[in-house]
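Listed in order, the protein sequences are those of chains D and B.
Residue 139 is where the first sequence starts when you use the working numbering, and the numbers rise one by one after that.
Residue 6 is where the second sequence starts when you use the working numbering, and the numbers rise one by one after that.
C-beta: ideal position from N, C-alpha, C; glycine also.
Bear in mind that the values here come from a model prediction, so they are computed numbers and not experimental data.
Take a look at the structure set out below.
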Amino acid sequence: MSKKIRIATTSLAGCFGCHMSFLDIDERIVELLEHVEFDRSPITDIKHCTDCDIGLVEGGLCNAENVHVLKEFRENCKILIAVGACAINGGVPAMRNHFTLKECLEEAYIHGVGVENPMIPNDVELPLLLSKVHPIHEVVHVDYYLPGCPPPADAFMKVLTDLLEGKEPSLPKEILHYD
Amino acid sequence: METQQNNTPNSSRRIAIDPITRVEGHGKITLLQDENNHITEARLHIVEFRGFEKFIQGRPYWEVSTFVQRLCGICPVSHHLAAAKAIDQLVGVDELTPTSLKLRQLLHFGQTLQSHALHFFHLSSPDLLFGFGSDVAKRNIVGVIEKYPDIAIKGVKLRKYGQQVIAAIAGKRVHGAAAIPGGMNKSLSKEERQALLADIADIKLWAREAVTMNEQIHVAHPEHHDFGRLNTSFLSLTGKNGELELYHGGLRAKSADGNTLFDHFDYRGYEEKIREEVRSWSYMKFPYFTEQGADNGWYRVGPLARVNNCDSISTPLAEEARLRFRAFAEGGFVQDTLAYHWARMIEALYCAESIELLLHDDDISGDDLVVTGEKRSEGVGVIEAPRGTLFHHYKIDEQGMIEKANLIVSTTSNNQAMNESVRSVANAYLDGNELTEGLLNHLEVAVRAYDPCLSCATHALGKMPLQIELVNTDGNLVDQLTKGSDGRIEHG
């Protein structure tokens with residue numbers, strides 16, 4: 139086996155469920171690690187991408203920082219994969235698009251139950267929120283879309299195995315889920 | 006991104022860890038330092054916002070338990086069930102059938118087992134096995150698989166088992182469908198129970214080993230005892246007899262010295278006991294006990310709170326482990342922040358034992374699944390999620406559409422405590438020292454002990470960039486470190 143395939147992963151405006159589903163490959167991770175290594179990911183302490191073969195992006199874009207991280211992934215990853223409903227369509231977080239951002243903030247921090255010191259957090263440390271939640275393909279080119287909420291573990295394995303073997307990834311019906 | 010840019014024009018030094026890793030969620034830390042290089046303030050900022058309370062309005066109540074689980078992919082079942090408990094009340098149901106109650110308990114034991122295993126083995130064990138300041142390239146689950154394959158694989162399989170229990174009941178491992186208003190949508194067949202029972206002996210054994218390992222690590226490292234240690238009140242649900250309870254019970258709060266603040270309190274009245282303060286610098290609110298006030302009323306939740314707060318654990322191996330745990334504090338509460346890990350594994354063992362008991366219970370295969378009642382306009386569901394007490398509160402209109410929603414998510418209750426622990430570690434380890442990657446990881450270790458789920462905490466599904474800045478009282482930045490792509494720390 140030649141050099142290992144280097145994979146970066148991130149969760150933007152997502153719930154980490156896609157990452158959990160990836161970990162649901164269970165002990166097959168040992169076999170996978172013979173062929174791949176992890177770059178920036180919530181499971182390592184590598185904070186920024188280096189040159190990677192594959193980037194897995196979970197979640198859509200809800201603030202400026204999500205956009206920044208997404209661009210870092212696109213710049214450093216040869217193949218970028220939109221993973222799961224939120225990255226592909228915005229998902230549950232995009233339900234806020236039916237309301238204004240102001241309405242959402244006021245509900246949580248002004249009109250909430252038992253709220254003391256009602257105010258909308260506004261410190262410069264907090265990244266600017268986008269007025270709407272966006273799927274990632276609206277900002278960068280996406281090479282592949284892995285559907286599901288979350289995609290099943292077998293779908294992660296199939297896509298990565300195909301790419302490791304230099305094949306165009308494809309999902310058989312049994313593991314092509316949208317729920 | 007400098008902290009307090011407006012009043013720190015002469016910033017000279019800044020430290021950033023971004024993103025904090027091996028946690029779930031997105032946040033950052035800023036530190037303030039006085040003229041003696043003493044750290045006077047530490048802030049953990051949660052930087053993501055979702056707006057759940059608003060966008061759920063106008064949706065039918067029966068949808069809620071299905072999509073609130075998308076708040077968190079690690080503890081989706083906890084959100085699913087907290088919402089389900091509130092929805093039971095909306096449809097006028099106060100008591101489930103034995104089959105449905107036991108199925109929900111089993112589901113939640115599976116959830117807690119998998120989440121606890123994930124947190125210890127996949128996320129935190131590298132710090133405890135390799136050292137807080139160990140090689141960044143190895144300080145992750147891949148490093149553990151290479152160096153300690155036996156420990157790592159058992160951890161992977163413990164998590165797998167919890168996920169299999171969930172999948173058997175909810176149809177899939179993440180974001181399945183199980184609870185419906187007033188009950189559950191299916192029971193477990195005898196075959197499904199037998200299949201799960203086949204592995205339970207190993208699961209119990211490995212969970213017990215995990216307890217022993219955590220106990221040994223904690224006891225053997227005196228420096229762990231004071232690491233981010235706080236003296237706090239605790240909040241948790243307990244059962245009728247004060248026993249550890251994860252699915253249902255009354256609220257119990259005890260002060261740091263062991264006095265009861267309230268006990269067996271009906272959680273539907275939580276508004277009376279808990280308020281939440283908003284601060285400008287975090288999207289995560291700061292809950293406190295109303296009676297004690299914002300300054301003194303903060304508390305901790307989660308495994309450390311639960312194992313301290315309860316009078317007993319109903320399963321024998323976990324009870325034995327609890328007694329050893331409490332003996333460590335010689336009569337008082339175990340307040341060591343890093344003992345969260347130890348308590349977490351005691352709970353994992355309790356889950357494994359409880360799963361076995363429930364799988365042997367024929368009620369689990371019953372077919373009496375749903376109770377109906379008279380519709381009501383308000384429901385409050387509370388559960389002990391892996392990370393602590395989780396509140397879901399909904400009001401509906403006459404058409405059954407959500408009018409008002411309020412969530413107090415487990416990690417939110419630990420907000421002040423995480424901030425205090427970070428400050429404590431910063432004072433003890435970073436104060437006056439040349440900052441290195443390994444030292445910065447100490448701050449992450451303190452945050453990790455709480456197993457924060459910051460996507461939950463913003464009612465958002467998110468991520469947690471941790472940034473650290475060292476600023477003196479004049480507002481001058483005194484240190485700035487950035488972590489390179491190889492994990493190395495650079496000044497400037």
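C-alpha gap between residue i and residue j, whole angstroms
{"i": "B/D372", "j": "B/T102", "result": "10 Å"}
{"i": "D/E213", "j": "D/E172", "result": "26 Å"}
{"i": "B/M469", "j": "B/I51", "result": "Its pLDDT being 33, under 50, B/M469 is placed unreliably in this model, and the value from its coordinates should be taken loosely. Answer to the nearest angstrom: the Cα atoms are 7 Å apart."}
{"i": "B/L466", "j": "B/C77", "result": "Here B/L466 scores only 29 on pLDDT, less than 50, and its place in the model should not be relied on; the value that follows carries that caveat. Near 6 Å, if we compare the C-alpha coordinates of B/C77 and B/L466."}
{"i": "B/R493", "j": "D/H157", "result": "Annotation note: pLDDT 44 at B/R493 (below 50); position unreliable, coordinate value reported separately. Near 25 Å, if we compare the C-alpha coordinates of D/H157 and B/R493."}
{"i": "B/Y66", "j": "B/Q404", "result": "9 Å"}
{"i": "D/L284", "j": "D/M233", "result": "21 Å"}
{"i": "D/E312", "j": "D/F160", "result": "17 Å"}
{"i": "B/P154", "j": "B/F125", "result": "15 Å"}
{"i": "B/Y252", "j": "B/S317", "result": "16 Å"}
{"i": "B/N12", "j": "D/C200", "result": "Only weak support is given to the placement of B/N12: the predicted model assigns it a pLDDT of 42, under 50, and the question is left unresolved by the model."}
{"i": "B/P186", "j": "B/G274", "result": "21 Å"}
{"i": "B/Q62", "j": "D/E245", "result": "10 Å"}
{"i": "D/L266", "j": "B/E439", "result": "32 Å"}
{"i": "B/S418", "j": "B/F294", "result": "10 Å"}
{"i": "B/G218", "j": "B/W347", "result": "Here residue 218 of chain B turns out to be Met, not Gly, going by the sequence shown. Roughly 8 Å separates the two Cα atoms."}
{"i": "D/V221", "j": "B/H269", "result": "44 Å"}
{"i": "B/A173", "j": "D/V262", "result": "46 Å"}
{"i": "D/V279", "j": "B/N264", "result": "The identity of residue 279 of chain D in the sequence shown is His, whereas the question assumes Val. So the two alpha carbons sit approximately 59 Å from each other."}
{"i": "B/H464", "j": "B/V283", "result": "Confidence at B/H464 is low in this model, with a pLDDT of 46, below 50, so its placement is unreliable and the value that follows should be read with caution. If you take the alpha carbons of B/H464 and B/V283, they lie about 15 Å apart."}
{"i": "B/Y455", "j": "B/Y304", "result": "13 Å"}
Residue from the options whose Cα sits closest to the Cα of residue i
{"i": "B/L108", "options": "B/N438, B/L86, B/F294", "result": "B/L86"}
{"i": "D/E276", "options": "D/I248, D/V262, D/I226, D/K141", "result": "D/I226"}
{"i": "B/N517", "options": "B/P308, B/L49, B/A332, B/I369", "result": "Look at the range of chain B in this structure, 6 to 497, and you will see that residue 517 of chain B is not part of it."}
{"i": "B/S426", "options": "B/L36, B/V98, B/P24", "result": "B/L36"}
{"i": "D/A223", "options": "D/P256, D/L302, D/P180, D/C153", "result": "D/C153"}
{"i": "B/L240", "options": "B/S120, B/N219, B/E389", "result": "B/E389"}
{"i": "B/V452", "options": "B/S238, B/G247, B/A431", "result": "B/A431"}
{"i": "B/M289", "options": "B/R27, B/H31, B/I25, B/T26", "result": "B/H31"}
{"i": "D/R144", "options": "D/E165, D/G155, D/R178", "result": "D/R178"}
{"i": "D/G193", "options": "D/E244, D/F294, D/Y316", "result": "D/F294"}
{"i": "B/Q168", "options": "B/I279, B/G148, B/A122, B/Y293", "result": "B/A122"}
{"i": "D/Y282", "options": "D/E203, D/P307, D/S149, D/L150", "result": "D/P307"}
{"i": "D/G197", "options": "D/T148, D/N235, D/I181", "result": "D/T148"}
{"i": "B/T377", "options": "B/G97, B/R280, B/E68", "result": "B/G97"}
Residue environment, residue i, which counts as buried when at least 16 other CB atoms sit within 10 Å
{"i": "B/L202", "result": "exposed"}
{"i": "B/T394", "result": "buried"}
{"i": "D/I163", "result": "buried"}
{"i": "B/L471", "result": "Its pLDDT being 45, under 50, B/L471 is placed unreliably in this model, and the value from its coordinates should be taken loosely. Label assigned to B/L471: buried."}
{"i": "D/I248", "result": "exposed"}
{"i": "B/Y166", "result": "buried"}
{"i": "B/G56", "result": "buried"}
{"i": "D/P290", "result": "buried"}
{"i": "D/D189", "result": "exposed"}
{"i": "D/D183", "result": "buried"}
{"i": "B/E1", "result": "An answer regarding residue 1 of chain B cannot be provided, because it is not within the stretch 6 to 497 covered by chain B."}
{"i": "B/P24", "result": "buried"}
{"i": "B/K259", "result": "buried"}
Rounded distance between the beta-carbons of residue j and residue i, thought under 8 Å
{"i": "D/V195", "j": "D/I219", "result": "7 Å"}
{"i": "B/P321", "j": "B/Y345", "result": "Rounded, the Cβ-Cβ distance is 23 Å, inconsistent with contact."}
{"i": "B/Y407", "j": "B/S382", "result": "What sits at residue 407 of chain B in the sequence shown is Ile, not Tyr. The pair is not a contact, with the Cβ atoms about 11 Å apart (cut-off 8 Å)."}
{"i": "D/L150", "j": "D/L243", "result": "19 Å between Cβ atoms; not a contact."}
{"i": "B/F338", "j": "B/Q421", "result": "Going by Cβ atoms, the distance from B/F338 to B/Q421 rounds to 17 Å, so no, they are not a contact pair."}
Range covered by the alpha helix (DSSP H) that runs through residue i
{"i": "B/H346", "result": "344–364"}
{"i": "B/I407", "result": "It is not in any alpha helix (DSSP H) - B/I407 instead sits in the beta strand (DSSP E) that spans 407–413."}
{"i": "B/P321", "result": "321–333"}
{"i": "B/F72", "result": "66–73"}
{"i": "D/C242", "result": "239–247"}
{"i": "B/I146", "result": "146–152"}
{"i": "B/D367", "result": "Note, B/D367: premise wrong, no alpha helix (DSSP H); not H, not E."}
{"i": "B/T117", "result": "103–122"}
{"i": "B/F135", "result": "130–135"}
Segment limits, beta strand (DSSP E) that includes residue i
{"i": "D/K209", "result": "No beta strand (DSSP E) contains D/K209, which is instead part of the alpha helix (DSSP H) from 202–214."}
{"i": "B/F239", "result": "238–243"}
{"i": "D/V271", "result": "267–272"}
{"i": "B/I61", "result": "From DSSP, B/I61 is part of no beta strand (DSSP E); its letter is neither H nor E."}
{"i": "B/L282", "result": "Looking at the sequence provided, one finds Glu at residue 282 of chain B rather than Leu. Residues 279–282."}
{"i": "D/C287", "result": "Neither: D/C287 is in no beta strand (DSSP E) and is coded neither H nor E."}
{"i": "B/A203", "result": "Note, B/A203: premise wrong, no beta strand (DSSP E); not H, not E."}
heavy atom of the ligand ADP below 7 Å from residue i C-beta
{"i": "D/K209", "result": "The ligand content of the structure shown is nil, which means the ligand ADP is not present either."}
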